[in-house]
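> Numbering (the numbering used here), first residue to last: 2 to 235. Backbone N, C-alpha and C define an ideal beta-carbon position, used for all residues, glycine too. Before anything else, here's the structure in question.
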Ligand SMILES: *Cc1c(COP(=O)(O)O)cnc(C)c1O
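Right, dumping it as structure tokens:
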């Protein structure tokens, strides 16, 4: 099997998983967006994915993402930034990304708003929630506590060139994802009471997408199940 066939095969397997989970949750699989997270994999893979009908690509490091987005210009892809973002990278990210999933502090909102204005673009922003009870146990995964979401959301909603679009979370590593994803769904519901257009729930990765779909995820971020194992620490 060549790489194209391998990716086609894994995409089909993943689509079947999504359809099965949606059927069980009485949801419409056509309303789910699959974002393929291509971090550590080459632009040639992104090109093959585009040929196979993928439109949404996720990346978690600006340096890698900006280079890949430039190599893949003209393929009509939407780039999703899903990683921890330093404010000094905001200008770069705003030039290629359509969506930033990892907005987790006021200074980043201000930096992204200025960067989007400078790039002459509109940027969708998701508030990243921390679903860890002991947040300090897992530094570097990002996110804010549920109680802080509304204040940050209000700030995004009133920032020029930013569109408040929803919430994002990563389930705590090695734990049952059902309770944290239920919490995420509650926070999303609360957010939509104040900001009805902010309906995206970005949740669910290779290992836990069924639980995320049951909890109402609208956008899955899947890497390994399609591209294969990443080199260690990817
Ligand atoms: C790498 C990554 C993913 C994809 O994870 P897999 O387990 O490979 O599917 C999803 N979300 C974020 C934020 C990531 O960094």
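For residue 95, I'd like the list of residues in its chain whose CB is within less than 8 Å of its CB, leaving aside the five on either flank, ordered along the chain.
The residues are 113, 116, 117, 119, 120, 122, 124.
> Leaving aside the five residues before and after residue 80 along the sequence, list all residues of the same chain whose C-beta is less than 7 Å from its C-beta, in chain order.
Answer for residue 80: 58, 60, 66, 70, 97, 98, 99, listed in chain order.
> Helix or strand or just coil, what does DSSP make of residue 55?
Note: residue 55 maps to coil in three-state DSSP.
> In whole angstroms, what is the alpha-carbon distance linking residue 192 and residue 19?
So the two alpha carbons sit approximately 26 Å from each other.
> Just curious, the beta strand (DSSP E) that residue 166 is in, first and last residue?
Unbroken beta strand (DSSP E) run through residue 166: 163-170.
> Would you mind sorting residue 155 into buried or exposed? The rule is 16 or more other CB atoms within 10 Å of its CB.
It counts as exposed.
> Is it right to say residue 215 is buried, meaning 16 or more other beta carbons lie within 10 angstroms of its own, or is it exposed?
That one is buried.
> Relative to the alpha-carbon of residue 195, which residue among 107, 32, 159 has its alpha-carbon at the smallest distance?
Of 107, 32, 159, the residue nearest in Cα terms is 159.
> Check the Cβ-Cβ distances between residue 195 and every residue of chain B, and say whether any is below 8 Å.
The structure shown contains no chain B; it holds only a single protein chain.
> Whose C-alpha, out of 149, 82, 77, 56, is nearest the C-alpha of residue 63?
Cα-wise, what sits closest to residue 63 is 82.
> So what's residue 110 in DSSP terms, helix, strand or just coil?
If DSSP states are grouped into helix, strand and coil, residue 110 belongs with the helices.
> Ends of the alpha helix (DSSP H) at residue 81?
Run containing residue 81: none in the alpha helix (DSSP H); it sits in the beta strand (DSSP E), 79-82.
> Where does residue 178 land, buried or exposed, given buried means 16+ other C-beta within 10 angstroms?
Its Cβ being crowded by 16 or more others within 10 Å, residue 178 is buried.
> Among 210, 23, 232, 203, which has the Cα closest to the Cα of residue 220?
When only C-alpha atoms are compared, the closest one is 203.
> Assign residue 45 to one of two classes, buried (16 or more other C-beta atoms within 10 Å of its C-beta) or exposed (fewer than that).
By the neighbour-count rule (16 or more Cβ atoms within 10 Å), residue 45 is not buried but exposed.
> May I ask which residues mark the beginning and end of the alpha helix (DSSP H) holding residue 215?
Segment 210-215, the alpha helix (DSSP H) holding residue 215.
> To the nearest angstrom, report how far apart residue 76 and residue 232 are at their CA atoms.
Computed Cα separation, rounded: 26 Å.
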